Amino acid sequence: MPDKSFADALNEQIANEFAASQQYVAAAVYYDAETLPRLAAFFYRQALEEREHAMMMIQYLLDVGEAVRIPDINAQQTSFADGSAPVRMALEQEQRVSDEIFALFELARDLKDYRAEHFLQWFVKEQVEEVALMSDLLNVVERSRDNLLLAEDFIAREQLGEESEDPTAPPAAGE
Ligand SMILES: [Fe+2]
Ligand SMILES: [Fe+2]
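Going by numbering that gives the first Met the number 0, the first residue of the sequence shown is number 0, and it counts up by one from there.
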């Protein structure tokens with residue numbers, strides 16, 4: 000039996016999701032200051048999505064009667080070497096979160112916690128989409144290296160990262 004409880008591990012992931020949200024606000028602010036409003040809007044939206052992930056995890060803990068911990072806020076990276084650096088950072092962050100979700104999934108399996116395993120399935124699918132989205136955006140910003148206005152056009156035209164309602168998403172606290 001693993002020595003960590005699923006609730007403890009999920010509380011840690013709640014902190015990771017809130018940190019990801021803060022990091023995306025920082026990326027959005029960087030682009031906003033550079034007058035790249037589409038890239039800024041993209042990351043402001045992603046920040047809300049990460050907050051939503053944390054709120055889904057909070058709702059899950061409430062539903063199964065476990066204690067919820069709300070984490071401190073840590074400072075995030077706000078200055079970047081160039082216009083594609085925030086997207087590179089975002090791709091790495093999504094890859095890291097995927098590994099974190101897989102580790103949670105494994106823990107749920109080890110504990111034979113079927114509710115937890117079922118809850119996590121949506122996040123497994125979500126991470127596939129988020130890693131794909133960030134690698135698409137990285138391709139676009141790297142191709143537009145000398146003129147990020149091209150990336151701005153692309154994001155607007157393709158409505159990159161603008162998600163439609165997902166009826167399979169777990170309920171979020173406060174909604
Ligand atoms: Fe997330
Ligand atoms: Fe994400």
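Every residue, glycine too, gets a C-beta built ideally from N, C-alpha and C. All values derive from a computational prediction rather than experimental measurement.
Taking 9 Å as the cut-off, decide whether the C-beta atoms of residue i and residue j are in contact.
i	j	result
Leu-90	Phe-104	no
Leu-38	Leu-132	no
Ala-107	Glu-93	no
Ser-20	Ala-46	yes
Gly-82	Leu-35	yes
Val-86	Leu-137	yes
State the DSSP-derived secondary structure class of residue i, mapped to helix, strand or coil.
i	result
Leu-35	coil
Glu-141	helix
Asp-2	coil
Ile-69	coil
Lys-111	coil
With a threshold of 9 Å between beta carbons, is residue i in contact with chain B?
i	result
Leu-159	In the structure shown, chain B does not exist; there is a single protein chain.
- Message: Between the region 145-165 and the region 71-79, can you find at least three pairs of beta-carbon atoms closer than 8 Å?
- Response: no
- Message: When you compare the region 47-59 with the region 8-18, are there three or more beta-carbon pairs, one atom per stretch, that lie closer than 8 Å?
- Response: yes
- Touching by the beta-carbon criterion (3+ pairs, under 8 Å), the region 38-47 and the region 15-26: yes
- Item | Chain-ordered residues, beta carbon under 6 Å from a heavy atom of ligand 4 | Ligands displayed in this structure: ligand 1 and ligand 2; ligand 4 is not among them.
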